[in-house]
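4 protein chains.
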Amino acid sequence: MNYAVASPSSHGDGPPPEVLLDAAFQTFAAHGYRATRLEEVADAAGVTKGAIYYYFDSKEDLLRRALETRHRAIFQEIEEALVTERAPVSAKIRFVLRKVWQHWLDPRWGPAFRLMVGEVSVEFPALFRTWAAEGPIQGCTLVGRLVEEGIQRGEFRSDVDADVSARMVVSGLMLQAALHVHLGLAQLAPCDPDRIFDSSVDLFLHGLSVTHQLPIETRSKRAGSEER
Amino acid sequence: MNYAVASPSSHGDGPPPEVLLDAAFQTFAAHGYRATRLEEVADAAGVTKGAIYYYFDSKEDLLRRALETRHRAIFQEIEEALVTERAPVSAKIRFVLRKVWQHWLDPRWGPAFRLMVGEVSVEFPALFRTWAAEGPIQGCTLVGRLVEEGIQRGEFRSDVDADVSARMVVSGLMLQAALHVHLGLAQLAPCDPDRIFDSSVDLFLHGLSVTHQLPIETRSKRAGSEER
Amino acid sequence: MNYAVASPSSHGDGPPPEVLLDAAFQTFAAHGYRATRLEEVADAAGVTKGAIYYYFDSKEDLLRRALETRHRAIFQEIEEALVTERAPVSAKIRFVLRKVWQHWLDPRWGPAFRLMVGEVSVEFPALFRTWAAEGPIQGCTLVGRLVEEGIQRGEFRSDVDADVSARMVVSGLMLQAALHVHLGLAQLAPCDPDRIFDSSVDLFLHGLSVTHQLPIETRSKRAGSEER
Amino acid sequence: MNYAVASPSSHGDGPPPEVLLDAAFQTFAAHGYRATRLEEVADAAGVTKGAIYYYFDSKEDLLRRALETRHRAIFQEIEEALVTERAPVSAKIRFVLRKVWQHWLDPRWGPAFRLMVGEVSVEFPALFRTWAAEGPIQGCTLVGRLVEEGIQRGEFRSDVDADVSARMVVSGLMLQAALHVHLGLAQLAPCDPDRIFDSSVDLFLHGLSVTHQLPIETRSKRAGSEER
DNA sequence: TATGAATGAGTATTCATTCAT
DNA sequence: CATGAATGAATACTCATTCAT
Numbered sequence: 001m002n003y004a005v006a007s008p009s010s011h012g013d014g015p016p017p018e019v020l021l022d023a024a025f026q027t028f029a030a031h032g033y034r035a036t037r038l039e040e041v042a043d044a045a046g047v048t049k050g051a052i053y054y055y056f057d058s059k060e061d062l063l064r065r066a067l068e069t070r071h072r073a074i075f076q077e078i079e080e081a082l083v084t085e086r087a088p089v090s091a092k093i094r095f096v097l098r099k100v101w102q103h104w105l106d107p108r109w110g111p112a113f114r115l116m117v118g119e120v121s122v123e124f125p126a127l128f129r130t131w132a133a134e135g136p137i138q139g140c141t142l143v144g145r146l147v148e149e150g151i152q153r154g155e156f157r158s159d160v161d162a163d164v165s166a167r168m169v170v171s172g173l174m175l176q177a178a179l180h181v182h183l184g185l186a187q188l189a190p191c192d193p194d195r196i197f198d199s200s201v202d203l204f205l206h207g208l209s210v211t212h213q214l215p216i217e218t219r220s221k222r223a224g225s226e227e228r
Numbered sequence: 229m230n231y232a233v234a235s236p237s238s239h240g241d242g243p244p245p246e247v248l249l250d251a252a253f254q255t256f257a258a259h260g261y262r263a264t265r266l267e268e269v270a271d272a273a274g275v276t277k278g279a280i281y282y283y284f285d286s287k288e289d290l291l292r293r294a295l296e297t298r299h300r301a302i303f304q305e306i307e308e309a310l311v312t313e314r315a316p317v318s319a320k321i322r323f324v325l326r327k328v329w330q331h332w333l334d335p336r337w338g339p340a341f342r343l344m345v346g347e348v349s350v351e352f353p354a355l356f357r358t359w360a361a362e363g364p365i366q367g368c369t370l371v372g373r374l375v376e377e378g379i380q381r382g383e384f385r386s387d388v389d390a391d392v393s394a395r396m397v398v399s400g401l402m403l404q405a406a407l408h409v410h411l412g413l414a415q416l417a418p419c420d421p422d423r424i425f426d427s428s429v430d431l432f433l434h435g436l437s438v439t440h441q442l443p444i445e446t447r448s449k450r451a452g453s454e455e456r
Numbered sequence: 457m458n459y460a461v462a463s464p465s466s467h468g469d470g471p472p473p474e475v476l477l478d479a480a481f482q483t484f485a486a487h488g489y490r491a492t493r494l495e496e497v498a499d500a501a502g503v504t505k506g507a508i509y510y511y512f513d514s515k516e517d518l519l520r521r522a523l524e525t526r527h528r529a530i531f532q533e534i535e536e537a538l539v540t541e542r543a544p545v546s547a548k549i550r551f552v553l554r555k556v557w558q559h560w561l562d563p564r565w566g567p568a569f570r571l572m573v574g575e576v577s578v579e580f581p582a583l584f585r586t587w588a589a590e591g592p593i594q595g596c597t598l599v600g601r602l603v604e605e606g607i608q609r610g611e612f613r614s615d616v617d618a619d620v621s622a623r624m625v626v627s628g629l630m631l632q633a634a635l636h637v638h639l640g641l642a643q644l645a646p647c648d649p650d651r652i653f654d655s656s657v658d659l660f661l662h663g664l665s666v667t668h669q670l671p672i673e674t675r676s677k678r679a680g681s682e683e684r
Numbered sequence: 685m686n687y688a689v690a691s692p693s694s695h696g697d698g699p700p701p702e703v704l705l706d707a708a709f710q711t712f713a714a715h716g717y718r719a720t721r722l723e724e725v726a727d728a729a730g731v732t733k734g735a736i737y738y739y740f741d742s743k744e745d746l747l748r749r750a751l752e753t754r755h756r757a758i759f760q761e762i763e764e765a766l767v768t769e770r771a772p773v774s775a776k777i778r779f780v781l782r783k784v785w786q787h788w789l790d791p792r793w794g795p796a797f798r799l800m801v802g803e804v805s806v807e808f809p810a811l812f813r814t815w816a817a818e819g820p821i822q823g824c825t826l827v828g829r830l831v832e833e834g835i836q837r838g839e840f841r842s843d844v845d846a847d848v849s850a851r852m853v854v855s856g857l858m859l860q861a862a863l864h865v866h867l868g869l870a871q872l873a874p875c876d877p878d879r880i881f882d883s884s885v886d887l888f889l890h891g892l893s894v895t896h897q898l899p900i901e902t903r904s905k906r907a908g909s910e911e912r
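Chains as they are written, first to last, in the numbering used here: chain A, 1 to 228; chain B, 229 to 456; chain C, 457 to 684; chain D, 685 to 912.
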């Protein structure tokens, strides 16, 4: 045993084995945090329960560190890939969205999304906010900036709400991935992921684009009497 | 091995008291299914644990029946309200979406969404499918039919994908409600719910509307070399 | 609905500790199966409740395994001790009966008999049948064979019912052990165990022995009018 | 409501309905005391749990009173039927045993025996002793007196142990009834109840009868070296 | 480092018992 | 008299956590 200061949250000298982190992340994601017994994680990792406690302080600590390590800050990568890009903004947006769409299509993403929304959001709000900040929020921000740029360049309508538009397309694709791809709603209403992506992005870009049409309708109804 | 009677083990003859179903639904929604102790439900309903077992067979039975009874099939109502409507399709769509948006804004909806996506989807898949069929799926179907109608009437572009467009706007608004309104992401990126709704629906309807512009870009990139 | 592993839910790899099996057997025998709290067993074994569940799946499993392991197939042993015996059949029978009588006199046998007859027979019929097959039934068979042998050799009357005679003496001694020795009826009608044994076996052997007397009475009354 | 003094152990003014006592006795006998839920008794009697508490103070009280009332002091009856009898003692004995045998053959007797031996003996020893005093013990006493009478009259051997002989035949028949008739051991070793009775009684009376044979063997072995 | 064994606080579930109606 | 509803103490069972080896 060396003289390294004991790390604050475990006894292990080195970093926890990847296999444990992986097993924890996947088991939690698959069955949920509460529904997962530590023994399941241990089994999945090929060790015994006790070993977990050599590296982690508690079930919570295990989840926390598994999430930290496993979570890919996808938008970070994408943004970096984007700086050198020379293309119309709409093409950049499509490029960005395709990247994240592919990420969301990953079989491991759906369960993780469920874990985040379903349990982490309530039981570990801070963790949830971290995930959100690096995921959805950063996605929205990135896309939002591109929309802004499109507006500046005259590529998009000047009266577009860049912020909300970005949230809309990011949320729309994300929940479609979650519900239709991962949660089995495709069985109830089948649809090809490629078509979902293409049609959704087409719709989005059309919505942004400069047109010659008349205003669609007035919004004056919003405060109208038909609302309860 | 036991001589338990074959009849259902709950004893209540009449339907379970509303207060129990309410308390169960809300407590489960608020804290999650696994994280909720039956005693919490009992406390919330002002009874004791034993009373729950007078009406329900198990925690699972309680959840099941609470979900069945509490869940409002919102789209059903909306569709009925729509049959008499005489208006441009875009107005109808805005009307429908406003209705569901208001529903999703309800403080009780967010937790229920979390419960459904986070735990029910994994632990009680059949229940989840029922919810989905009456919620998101029916919403998509309804909006999809309206988009179709708009296309027929020449109000919308003939090349929009009615199905996917509907999913997009329903998913987009739903997840924005969940994340930005209920899960506190508004703190990270503040935004007024009214603005979210208006801008999202504007964007959507713009996306559907007939335009005179050229196609924004080709989709030829999809199979391009940047994909993994 | 749960994600429990399909493998048996007890975790112990090796066989359960003797002390647990012993404690379980004795506590169940002493107080009865239903009346025994798992904590009593745990206390008797000097462990905590949780430890029981490390080795056993349930209270039922604990009983089952305790009975399987603790039960001594006494007649098996006796039969083996008998093969070399050269003696009059009546002596062999007395030898056999003395062996089992001593077994039934053991302070642990009475409670076990009660457990078997009182609860196991109803709640775990298969277990009961196993016990019976190795206990009373095997005893009857063994003694029955000896009686048969005695008849062949001319030592016993040729008109005795070997089968039923064996059942009679085995049942008679067994229930006297249970009621008079273990269940305290000796308090109501005191009698020395040795005397019970000797007199009972004498009576039995007399009953079997060849005599010169006339038939005691006719059995013609059996279907007579005094029956209901 | 009249002014009768509240009876010590219930609120009912009149005696408890037979149907309740019957249901209790039979349910307890069938499933065991601990294993029986009061609701089962109530169901069997066609009332609700609450009604039981109008007549009885507790589950224990219910058992106690059900046993008191249901239990037939069979030997009492038999003894009375016997006083006028003019016949050889052996005939009287056969008569008595046939009566009790018939009683023990009753489908309700087996479960009651089990209840007594299995649970009442441990949980309510006083009750058990009452049952034993009026059942087995009285039976033994009665038969014992007859054997004594037979000895006096020279009908039976003078060296017979009247007491133990009586216990032997009563125990023998009783346990055969319990095990072979009621507890299903007949499946393992089939035998007709009539034959059990006849052969057992024949054997018994033979054992008692005066013979010309030599002593079967000496008892000197009892303290011999083969005992442990 | 890792394990097998054990712990104990917690939780679902049961059921005898009560009581207003 | 009897019921339906409810109670609450008891009890089987679970599982995160500990620890000697």
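Glycine included, C-beta positions come from ideal geometry on N, C-alpha and C. Fair warning: this is a prediction, and the values are worked out from it, not measured in the lab.
Using a Cβ cut-off of 9 Å (strictly closer), state whether B/Gln404 contacts chain A.
Position 176 of the second sequence holds residue 404 of chain B. Yes, B/Gln404 counts as interfacial toward chain A.
Please compile the residues from chain B whose C-beta is within a distance smaller than 7 Å of the C-beta of A/Ser121.
Locating residue 121 of chain A in the first sequence gives position 121, where the first residue counts as 1. Chain B residues near A/Ser121: Arg342 and Leu411.
The alpha helix (DSSP H) with D/Pro795 in it runs from where to where?
Locating residue 795 of chain D in the fourth sequence gives position 111, counting from the first residue. Note, D/Pro795: alpha helix (DSSP H), Trp793 to Leu799.
If we call anything under 9 Å between Cβ atoms a contact, is C/Gly488 one with C/Leu583?
Against the third sequence, residue 488 of chain C aligns to sequence position 32. Against the third sequence, residue 583 of chain C aligns to sequence position 127. Taking 9 Å as the Cβ cut-off, C/Gly488 and C/Leu583 do not qualify as a contacting pair.
Along the alpha helix (DSSP H) that carries A/Arg34, what are the first and last residues, could you check?
Within the first sequence, residue 34 of chain A is the residue found at index 34, counting from 1. Unbroken run through A/Arg34: none, as it is neither H nor E.
Decide if the segment 237-251 of chain B is in contact with the segment 283-296 of chain B; the criterion is three or more beta carbon pairs, one per stretch, under 8 Å apart.
The segment 237-251 of chain B, when compared against the segment 283-296 of chain B, does touch it at the 8 Å Cβ threshold.
Is the Cβ-Cβ distance between D/Ala862 and C/Val573 less than 9 Å?
Here residue 862 of chain D corresponds to residue number 178 of the fourth sequence, with the count starting at 1. Here residue 573 of chain C corresponds to residue number 117 of the third sequence, with the count starting at 1. Yes, these two residues count as a Cβ contact at 9 Å.
Got a sec: is the Cβ-Cβ distance from D/Ser883 to anything in chain C below 9 Å?
To locate residue 883 of chain D, count along the fourth sequence from 1; it is residue 199. Yes, D/Ser883 lies at the interface with chain C (some Cβ there is under 9 Å from its Cβ).
Could you round the C-beta distance between C/Ser700 and C/Arg613 to whole angstroms and report it? I think they count as a contact, below 8 Å.
Not covered by the structure: residue 700 of chain C. The range shown for chain C is 457 to 684.
Are the Cβ atoms of A/Val122 and B/Ala272 separated by less than 9 Å?
Numbered from 1 along the first sequence, position 122 holds the residue referred to as residue 122 of chain A. Numbered from 1 along the second sequence, position 44 holds the residue referred to as residue 272 of chain B. Their beta carbons are not under 9 Å apart, which means A/Val122 does not touch B/Ala272 by this criterion.
Can you tell me where the alpha helix (DSSP H) holding B/His434 begins and where it ends?
Reading the second sequence from its first residue, position 206 is the one you call residue 434 of chain B. Counting along the chain, the alpha helix (DSSP H) containing B/His434 begins and ends at Pro421 to Leu436.
Keeping to the same chain, check which residues put their C-beta closer than 8 Å to that of B/Phe352; ignore five residues upstream and five downstream.
In the second sequence, residue 352 of chain B corresponds to position 124, counting from 1. Cβ neighbours of B/Phe352 beyond the five flanking positions: Glu288, Leu291 and Arg292.
Given a limit of 9 Å on CB to CB distance, which residues of the segment 815-826 of chain D reach chain C?
Answer in chain order: Ala816, Ala817, Pro820, Ile821, Cys824 and Thr825.
Where does D/Phe840 fall in DSSP's three states?
Position 156 of the fourth sequence, counted from the start, is the residue given in the question as residue 840 of chain D. Strand, per DSSP.
I believe B/Leu374 touches B/Ile321 by the beta-carbon criterion, under 8 Å. Please report the beta-carbon distance rounded to the nearest angstrom.
As a working mapping, residue 374 of chain B is identified with position 146 in the second sequence. As a working mapping, residue 321 of chain B is identified with position 93 in the second sequence. Sure, about 5 Å apart at Cβ, within 8 Å.
Does DSSP put D/Pro692 in a helix, a strand or coil?
In the fourth sequence, residue 692 of chain D corresponds to position 8, counting from 1. Any reading at D/Pro692 must be qualified, since the residue scores a pLDDT of 47, below 50, and its modelled position is unreliable; the value itself is stated next. D/Pro692: coil per DSSP, three-state reduction.
Which residues of chain C have a Cβ atom closer than 9 Å to the Cβ of D/Gly891, listed in chain order?
The residue given as residue 891 of chain D occupies position 207 in the fourth sequence. Neighbours of D/Gly891 on chain C, chain order: Asp658, Leu659, Phe660, Leu661, His662, Gly663, Leu664 and Ser665.
Look at the alpha carbon of D/Val731 and the alpha carbon of C/Ile652, and state the distance between them as a whole number of angstroms.
Residue 731 of chain D sits at position 47 when you count from the first residue of the fourth sequence. Residue 652 of chain C sits at position 196 when you count from the first residue of the third sequence. The alpha-carbon atoms of D/Val731 and C/Ile652 are separated by roughly 48 Å.
Over the uninterrupted alpha helix (DSSP H) stretch that includes D/Leu666, give me the two end residues.
Summary: the structure shown does not reach residue 666 of chain D, with chain D confined to residues 685 through 912, and so no result is reported for it.
Starting from D/Asp847, find everything on chain C with Cβ-Cβ shorter than 7 Å and list it in chain order.
Working through the fourth sequence from its first residue, we reach residue 847 of chain D at position 163. What D/Asp847 touches in chain C: Cys647.
Which of helix, strand or coil does DSSP assign to B/Ser318?
For the purposes of this step, residue 318 of chain B is taken as residue 90 along the second sequence, with counting starting at 1. It is helical.
For D/Asp847, does the count of other Cβ atoms within 10 angstroms reach 16, so buried, or fall short, so exposed?
Position 163 of the fourth sequence, counting from 1, holds the residue named residue 847 of chain D. Buried, since its Cβ has 16 or more Cβ neighbours within 10 Å.
Determine the DSSP secondary structure at C/Pro592, reduced to helix, strand or coil.
By 1-based counting over the third sequence, the position of residue 592 of chain C is 136. C/Pro592 falls in the helix class under three-state DSSP.
In three-state terms, what does DSSP make of A/Arg98?
Counted from its first residue, the first sequence places residue 98 of chain A at position 98. A/Arg98: helix per DSSP, three-state reduction.
If contacts are defined as beta-carbon pairs under 8 Å, then C/Leu644 and D/Ala817 qualify, I think. What distance do you get, rounded to the angstrom?
For the purposes of this step, residue 644 of chain C is taken as the residue at position 188 of the third sequence. For the purposes of this step, residue 817 of chain D is taken as the residue at position 133 of the fourth sequence. Indeed, because the Cβ distance is near 6 Å, the residues count as touching under 8 Å.
Could you spell out the range, first to last residue, of the alpha helix (DSSP H) harbouring D/Val804?
Position 120 of the fourth sequence, counting from 1, holds the residue named residue 804 of chain D. It is not in any alpha helix (DSSP H) - D/Val804 carries neither H nor E in the DSSP assignment.
For D/Phe709 and C/Glu533, what's the separation of their Cα atoms in angstroms?
Locating residue 709 of chain D in the fourth sequence gives position 25, counting from the first residue. Locating residue 533 of chain C in the third sequence gives position 77, counting from the first residue. Approximately 41 Å between the Cα atoms of the pair.
Could you please tell me which residues of the segment 253-269 of chain B, in chain order, have their CB closer than 7 Å to any CB of chain A?
Cβ contacts with chain A come from His259, Gly260, Arg262 and Ala263.
Report the CB separation of C/Leu553 from D/Gly891 in whole angstroms; it is logged as a contact under 8 Å.
Taking the third sequence and counting its residues from 1, the one referred to as residue 553 of chain C is at position 97. Taking the fourth sequence and counting its residues from 1, the one referred to as residue 891 of chain D is at position 207. In fact, because the Cβ distance is near 14 Å, the residues do not count as touching under 8 Å.
Spatial neighbours of A/Pro16 within its chain, please: C-beta separation below 8 Å, excluding the five flanking residues on both sides.
Locating residue 16 of chain A in the first sequence gives position 16, counting from the first residue. Hits under 8 Å: Ser10, Tyr55, Phe56 and Arg65.
Rounded to the nearest angstrom, what separates C/Ala568 and C/His638 at their Cα positions?
Working through the third sequence from its first residue, we reach residue 568 of chain C at position 112. Working through the third sequence from its first residue, we reach residue 638 of chain C at position 182. Roughly 11 Å separates the two Cα atoms.
Residues of chain A with a CB under 9 Å from the CB of B/Val397: which are they?
Mapped onto the second sequence, residue 397 of chain B falls at position 169. What B/Val397 touches in chain A: Met168, Gly172 and Leu203.
Given that D/Leu872 touches chain C, what residues does it touch there, using C-beta distances under 8 Å?
For the purposes of this step, residue 872 of chain D is taken as residue 188 along the fourth sequence, with counting starting at 1. Result: Arg585, Ala588, Ala589 and Ile593.
Does any CB atom of chain B fall closer than 9 Å to the CB of A/Leu179?
Walking along the first sequence from the start, residue 179 of chain A turns up at place 179. Yes, contact with chain B.
Identify which residue in D/Arg813, D/Val853 and D/Glu803 has its Cα closest to the Cα of D/Gly823.
The sequence position of residue 823 of chain D within the fourth sequence is 139, counting from 1. Checking every option, the nearest Cα to that of D/Gly823 belongs to D/Val853.
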